[in-house]
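The sequence shown: position 35 = 360 (my numbering), numbered continuously.
Yeah, the Cβ is synthetic: ideal placement off N, Cα and C, and Gly gets one too.
Notes follow the structure.
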Amino acid sequence: MVYIPAGSFLMGLPEDKAERHSDENPQHSLTLQPFYMSKYPITQNQYQTIMGENPSHFKGGNRPVETVNWYNAKEFCQKLSQKTDKIYTLPSESQWEYACRAGTTTPFYFGETITSDLVNYHGNFPYGNASKGKYRGETTDVGSFPPNAFGLYNMHGNVYEWCLDVWHDNYHNAPTDGSAWESGGNSTGKVLRGGSWNYYSWFCRSGCRDWVNGDCCSDYWGFRIVWFASLVFPVRS
326 MVYIPAGSFL MGLPEDKAER HSDENPQHSL TLQPFYMSKY PITQNQYQTI MGENPSHFKG
386 GNRPVETVNW YNAKEFCQKL SQKTDKIYTL PSESQWEYAC RAGTTTPFYF GETITSDLVN
446 YHGNFPYGNA SKGKYRGETT DVGSFPPNAF GLYNMHGNVY EWCLDVWHDN YHNAPTDGSA
506 WESGGNSTGK VLRGGSWNYY SWFCRSGCRD WVNGDCCSDY WGFRIVWFAS LVFPVRS
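Here's what the structure looks like:
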């Protein structure tokens with residue numbers, strides 16, 4: 326688990342950004358308390374240990390677990406919490422974006438664009454002025470690409486990641502404290518973030534939002550977790 330310090334940031338994109346989608350407005354300020362987030366997406370080995378099964382299409386113990394729906398991811402958090410006497414859950418959408426950006430305001434935590442040397446995505450569809458890259462056509466081991474400034478890996482690409490929030494078409498009346506937005510909106514739709522191995526670069530942006538019904542699963546979708554403690558201090562390793 327990686328310590329994510331408290332802080333404030335702007336979520337969503339201003340109107341003058343060409344890449345902005347309508348669901349990314351209005352841009353708004355949030356202030357978050359510290360928390361811990363898993364360094365990588367949950368791996369198949371980790372999922373097997375807690376759940377006793379591995380539903381993934383692309384097998385590999387150190388690859389991210391996929392072909393799990395939102396309810397599977399929630400159940401994993403509940404079972405892990407019971408096993409460890411700690412409170413684990415899916416991240417809120419705002420926690421996810423704050424952790425992904427790690428202080429950056431560019432489309433990606435790497436900067437203005439990405440390459441297939443930095444992210445596992447559909448490299449035939451580059452972002453901005455980037456050249457076409459490699460399309461791997463499958464997931465890769467977690468940690469195969471450089472981390473962001475917080476030390477989190479694979480926040481862009483590889484697998485989309487489930488968030489705790491229900492889907493809303495925009496940020497009007499969204500929470501500003503980092504909590505999950507679990508009321509109103511599309512109650513069956515659950516938020517996904519980060520893009521995946523089979524998605525274009527645009528979908529991998531830090532601010533890009535997506536959703537599907539929570540009972541759907543695909544080899545595009547995985548998850549990572551956050552840990553809440555009554556007093557959060559950095560873990561030294």
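Relative to the C-alpha of residue i, which residue among the options is closest?
i: L489; options: K384, K457, W536; result: W536
i: P416; options: N387, C425, H382; result: C425
i: T440; options: F553, F470, D466; result: F470
i: F433; options: W492, S543, N479, W546; result: N479
i: Q420; options: F528, A331, T513; result: A331
i: L443; options: T431, N473, E400, G509; result: N473
i: F528; options: T409, N445, P366, F360; result: N445
i: P359; options: M376, G503, T513; result: G503
i: E400; options: G385, Y365, G377, G386; result: G377
i: Y564; options: A499, Y328, R518; result: Lying before the first or after the last residue shown, residue 564 is absent from the chain, which here runs from 326 to 562.
Determine the extent of the beta strand (DSSP E) in which residue i is found, giving its start and end residues.
i: S333; result: 332-336
i: E486; result: 485-492
i: I329; result: 327-329
i: V444; result: No beta strand (DSSP E) contains V444, which DSSP labels as neither H nor E.
Rounded to whole angstroms, how far is the Cβ of residue i from the Cβ of residue j, which I believe are closer than 8 Å?
i: S548; j: A427; result: Per the sequence presented here, residue 548 reads as Phe, with Ser not at that position. That pair is no contact at about 19 Å.
i: Y423; j: L357; result: 5 Å
i: G482; j: W522; result: 6 Å
i: E418; j: V516; result: 5 Å
i: Y525; j: F450; result: 4 Å
i: Y365; j: G468; result: 6 Å
i: S381; j: Q371; result: Wrong, their Cβ atoms sit about 12 Å apart, outside the cutoff.
Just to confirm my understanding: we take residue i, look at its own chain, exclude 5 residues before and 5 after, and list those with CB closer than 7 Å. What are they?
i: S363; result: M326, R549, I550
i: Q373; result: N379
i: G453; result: E437, T438
i: G510; result: V491, W492, H493
i: R461; result: N445, W522
i: G386; result: T368, Q369, N370
i: K411; result: W552
Is the separation between the beta-carbon of residue i and that of residue j shorter than 8 Å?
i: T501; j: S354; result: yes
i: W552; j: W487; result: no
i: R530; j: D466; result: no
i: N495; j: T513; result: no
i: K408; j: I375; result: yes
Starting from residue i, follow the alpha helix (DSSP H) in both directions and report where the run begins and ends.
i: C425; result: 418-426
i: W395; result: 395-409
i: I412; result: From DSSP, I412 is part of no alpha helix (DSSP H) but of the beta strand (DSSP E) over 412-414.
i: N370; result: 369-376
CB-CB under 6 Å to residue i, same chain, minus the five flanking residues each way: which ones, in chain order?
i: D540; result: N394
i: A304; result: This structure leaves residue 304 out entirely; the chain is present only between 326 and 562.
i: K459; result: S441, G448
i: Y413; result: C402, L405, S406, I550, W552
Can you list, in chain order, the residues of its chain with a C-beta nearer than 8 Å to that of residue i? Leave out the 5 residues immediately preceding and following it.
i: F383; result: E391, E463, T464, D544
i: E507; result: L489, D490, V491
i: A455; result: T438, I439, T440, S526
Is it the case that the CB of residue i approaches a heavy atom of the ligand MG more closely than 7 Å?
i: N498; result: The model depicted lacks the ligand MG and carries no ligand whatsoever.
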